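Worksheet: one structure, shown below.
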Amino acid sequence: MSTGTTTSSAAGRRAAALAALAEQTIELPSWAFGNSGTRFKVFAQAGVPRDPFEKMADAAQVHRYTGAAPRVSLHIPWDKVDDYEKLAAHAADLGVSIGAINSNLFQDDDYMLGSLTHPDARVRAKAVAHHVECIDIMRATGSRDLKIWLPDGLNYPGQDDLRARQDRLAEGLAQVYAALDPEHRIILEYKFFEPAFYATDVPDWGTSLLHCLALGDRAMVVLDTGHHAPGTNIEFIVAQLLRVGRLGAFDFNSRFYADDDLMVGAADPFQLFRIMNEIIAADALRPDSGVNFMLDQCHNIEPKIPAQIRSVMNVQEATAKALLVDREALHEAQQSGDVLGANGALMDAYNTDVRPLLAELRESRGLAPDPMRAYAASGYAETIVAERVGGAQAGWGA
Ligand code: PSV
Ligand code: MN
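For the sequence shown, our numbering begins at 1225 and goes up steadily by one.
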């Protein structure tokens, strides 16, 4: 990144921020475009895709107006198709590519008591085989990341042996890891509760990291921002995982109470800024840093394509603010014990209105300055409502 200006001046930081933002990419989840809801109700929306090909078309709209969302994660079996090369070619025609492949171990009756941790070896073998199938899909689609989130856990003390489940998990993960190609990675997500309420088998970053360390260099932790107890200092976890080179990806979303899967930056934009501040401080925004910035969201009551556009913009805004932090002033204040000065350096950046900067970035790349307005004016929403009549809409379980 050569800006020709030093980052010690405000103009230099602005120029450097523009250059870094131009390279930033955010991966979209295919399931954000399907119908979703809570355990109380899934609301169907008109125009929702009926298959993964239509999901790609909707995701491509988000990329078209933001210029920052060129990859789409798939969830298997939700996104099962007969011909994955054809799906990848369709994505490429639309200007996007296939990102992470998510295994799904939470919607098969066999997995009621666990998948890779299940007491029955037959069920564990089935879970491993599902991952091998996902790896084949990675080969056909050119995907790098196999994202694993296990719903495994216990509802009652004594229900199963906590330690034996960790051993079974380690064994199953090792089998999956052995099936990867050299360019592939496992990214292992943690979550402190739900669907299990007493004990989850991968509840926290420490457990995920321990399994990743045992597996090898190509196993990394996924941090889903909605998967922590209220009040958790998430940016500390980010800093710690970056220190040891094991932050593989984010699943960005917002939460007010549990794993709400709301739009990232909607509940706590300051937390998102603090997270991105750790990313920038560790120089981990670079496309080759190994951190995959993904969304994992569901739009239950709001229209899905603009909600994804808004989410990408929210990540860009938090990133822009973090890029504008005067790191020299911050460092100096930290070194000299100037508590208020250090805090002020962060708050000055956080309180900057970066929307003009991002509008300038978009215009310099031939995009409309306001992606939300440009999408609304495009008529795409009306077209899909008119055209997507009949068939079964995609959704959880579809
Ligand atoms: C689990 O809550 C999770 O965060 C995992 O990433 C799943 O794949 C995803 O949600 C489904 O939305
Ligand atoms: Mn997630």
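Cβ coordinates follow ideal geometry from the N, Cα and C atoms, glycine included. Note that the structure is a prediction, hence the values are computed from the model and not measured.
Extent of the continuous beta strand (DSSP E) run through S1516: Counting from 1 along the sequence shown, the entry for residue 1516 is found at position 292. A small correction: the amino acid at residue 1516 is Asn; Ser does not occupy that position in the sequence shown. Boundaries of the beta strand (DSSP E) around N1516: N1516 to L1519.
Rounding to the nearest angstrom, what Cα-Cα distance links A1349 and L1340 in this structure? In the sequence shown, counting from the first residue as 1, residue 1349 sits at position 125. In the sequence shown, counting from the first residue as 1, residue 1340 sits at position 116. A direct Cα-Cα distance of roughly 8 Å separates A1349 from L1340.
Considering just the uninterrupted stretch of the alpha helix (DSSP H) at E1587, what are its terminal residues? On the sequence shown, position 363 is the one that residue 1587 refers to. Membership of E1587 in the alpha helix (DSSP H) is indicated by the continuous run R1579 to S1588.
Could you check the C-alpha separation between G1565 and L1554 for me, to the nearest Å? Numbered from 1 along the sequence shown, position 341 holds the residue referred to as residue 1565. Numbered from 1 along the sequence shown, position 330 holds the residue referred to as residue 1554. Their Cα atoms are separated by approximately 7 Å.
DSSP three-state assignment for T1227, whether helix, strand or coil: The sequence position of residue 1227 within the sequence shown is 3, counting from 1. Confidence is the limiting factor: at T1227 the pLDDT is only 42, short of 50, which leaves the residue's position unreliable and the question unanswerable from this model.
If you measure from the beta carbon of G1258 to each beta carbon in chain B, is any gap under 8 Å? Protein chains in the displayed structure number just one, and chain B is not present.
Between the stretch 1594-1604 and the stretch 1288-1308, do three or more beta carbon pairs fall short of 8 Å? They touch, by the three-pair rule.
At a cut-off of 7 Å, is K1415 close to the ligand PSV when judged by its beta-carbon and the heavy atoms of the ligand? Position 191 of the sequence shown, counted from the first residue, corresponds to residue 1415. At a threshold of 7 Å, K1415 counts as near the ligand PSV, since its beta carbon sits closer than that to one of the ligand's heavy atoms.
Give me the Cα-Cα distance between F1480 and N1524, rounded to the nearest whole angstrom. Here the question's residue 1480 lines up with position 256 in the sequence shown. Here the question's residue 1524 lines up with position 300 in the sequence shown. Distance from the CA atom of F1480 to the CA atom of N1524, rounded to whole angstroms, is 15 Å.
Neighbour-count burial assignment, T1231, 16 or more Cβ in a 10 Å radius: To locate residue 1231, count along the sequence shown from 1; it is residue 7. Using a 10 angstroms sphere on the CB of T1231, the tally of other CB atoms reaches 16 or more, which defines it as buried.
Using the three-state DSSP reduction, which class does G1377 fall into: helix, strand or coil? Taking the sequence shown and counting its residues from 1, one reaches residue 1377 at position 153. DSSP places G1377 in strand when its eight states are reduced to three.
Where does D1332 sit, in a helix, a strand or coil, going by DSSP? Taking the first residue of the sequence shown as 1, we reach residue 1332 at position 108. The answer is coil: DSSP assigns D1332 none of H, G, I, E or B.
Report yes or no: do three or more beta-carbon pairs, one from the stretch 1275-1283 and one from the stretch 1582-1591, lie closer than 8 Å? Contact between the stretch 1275-1283 and the stretch 1582-1591 is absent, because fewer than three Cβ pairs lie under 8 Å.
Contact belief for A1324 with M1444 at Cβ below 8 Å, rounded distance in angstroms: The count along the sequence shown starts at 1 and reaches residue 1324 at position 100. The count along the sequence shown starts at 1 and reaches residue 1444 at position 220. M1444 and A1324 do not touch by the CB rule: their CB atoms are close to 11 Å apart, not below 8 Å.
Give me the Cα-Cα distance between D1492 and Y1574, rounded to the nearest whole angstrom. Walking along the sequence shown from the start, residue 1492 turns up at place 268. Walking along the sequence shown from the start, residue 1574 turns up at place 350. Looking at the two C-alpha atoms, the distance is approximately 12 Å.
Is any heavy atom in the ligand PSV found nearer than 7 Å to the beta carbon of N1326? Numbered from its first residue, the sequence shown carries residue 1326 at position 102. N1326: yes, Cβ under 7 Å from the ligand PSV.
Only counting the same chain, and skipping five residues up and downstream in sequence, which positions put a Cβ closer than 7 Å to that of A1241? Locating residue 1241 in the sequence shown gives position 17, counting from the first residue. If we look at A1241 and ignore the five residues flanking it on each side, its Cβ neighbours are A1544, L1547, L1548 and L1581.
Do you know offhand how far H1451's Cα is from G1271's? Your numbering for residue 1451 matches position 227 in the sequence shown. Your numbering for residue 1271 matches position 47 in the sequence shown. Going by the C-alpha atoms only, they are around 31 Å apart.
Are the beta-carbon atoms of V1446 and I1411 separated by less than 8 Å? Start at 1 with the first residue of the sequence shown, and residue 1446 comes out as number 222. Start at 1 with the first residue of the sequence shown, and residue 1411 comes out as number 187. For V1446 and I1411, yes; Cβs fall inside 8 Å.
Residues near Q1422 by beta carbon distance below 8 Å, same chain, minus five either side: If you number the sequence shown from 1, residue 1422 lands on position 198. Per the sequence shown, the amino acid found at residue 1422 is Tyr instead of Gln. Cβ within range, chain order: G1377, L1378, N1379, Y1380, P1381 and Q1383.
My assumption, with CB atoms under 8 Å, is that L1496 sits in contact with N1538. Please give the rounded CB distance. Taking the sequence shown and counting its residues from 1, one reaches residue 1496 at position 272. Taking the sequence shown and counting its residues from 1, one reaches residue 1538 at position 314. The Cβ separation is near 7 Å, so the contact holds.
For A1622, which three-state DSSP category applies? Stepping through the sequence shown from its first residue, residue 1622 is reached at position 398. In this prediction, A1622 has a pLDDT of 43, which is less than 50 and means its spatial position is unreliable; nothing more can be read from the coordinates.
Give me every residue whose Cβ sits closer than 5 Å to any heavy atom of the ligand MN, in chain order. By the rule of a C-beta closer than 5 Å to any heavy atom of the ligand MN, the residues picked out are D1448, D1475 and D1520.
Residue ranges of each beta strand (DSSP E) run of no fewer than 3 residues wholly in the stretch 1500-1570, ordered along the chain? Along the length of the stretch 1500-1570, whole beta strand (DSSP E) runs at least 3 residues long occupy 1516-1519, reported in chain order.
Just checking H1523 against the ligand PSV - is the residue's beta carbon closer than 7 Å to any of the ligand's heavy atoms? Within the sequence shown, residue 1523 is the residue found at index 299, counting from 1. False, no ligand heavy atom lies under 7 Å from that Cβ.
Just the Cα atoms here: how many angstroms apart are A1618 and A1420? Counting from 1 along the sequence shown, the entry for residue 1618 is found at position 394. Counting from 1 along the sequence shown, the entry for residue 1420 is found at position 196. For A1618 and A1420, the gap between their C-alpha atoms comes out near 26 Å.
So, V1305 versus M1280, is the Cβ gap smaller than 8 Å? As a first step, residue 1305 is located in the sequence shown; it is residue number 81 there, counting from the start. As a first step, residue 1280 is located in the sequence shown; it is residue number 56 there, counting from the start. Taking C-beta atoms as the reference points, V1305 and M1280 fail to come closer than 8 Å.
Just verifying my parser: in three-state terms, what is the DSSP assignment at F1417? By one-based count along the sequence shown, residue 1417 stands at place 193. Correct three-state label for F1417: coil.
Please state whether DSSP places T1424 in a helix, a strand or coil. The residue labelled residue 1424 in the question sits at position 200 within the sequence shown. Looking at T1424 - three-state DSSP - the assignment turns out to be strand.
Note the first and the last residue of the continuous beta strand (DSSP E) segment covering L1298. Within the sequence shown, residue 1298 is the residue found at index 74, counting from 1. Segment R1295 to I1300, the beta strand (DSSP E) holding L1298.
Whole angstroms is fine: what's the gap from A1403's alpha carbon to V1462's? In the sequence shown, the residue the question calls residue 1403 occupies position 179. In the sequence shown, the residue the question calls residue 1462 occupies position 238. Those two C-alpha atoms are separated by around 28 Å.
Endpoints, beta strand (DSSP E) assigned at G1614: As a position in the sequence shown, residue 1614 is number 390, starting the count at 1. DSSP places G1614 in no beta strand (DSSP E); its state is neither H nor E.
When you compare the CB positions of A1364 and Y1308, do they come within less than 8 Å of one another, or not? One-based indexing of the sequence shown puts residue 1364 at position 140. One-based indexing of the sequence shown puts residue 1308 at position 84. Contact: yes.
Consider the C-beta atom of D1483 and the heavy atoms of the ligand PSV; say whether any pair is separated by less than 7 Å. Position 259 of the sequence shown, counted from the start, is the residue given in the question as residue 1483. Yes, the beta carbon of D1483 sits closer than 7 Å to at least one heavy atom of the ligand PSV.
Return yes when the C-beta of W1222 is under 7 Å from any heavy atom of the ligand PSV, and no when it is not. Shown here, the chain extends from 1225 to 1622; a query on residue 1222 therefore has no answer.
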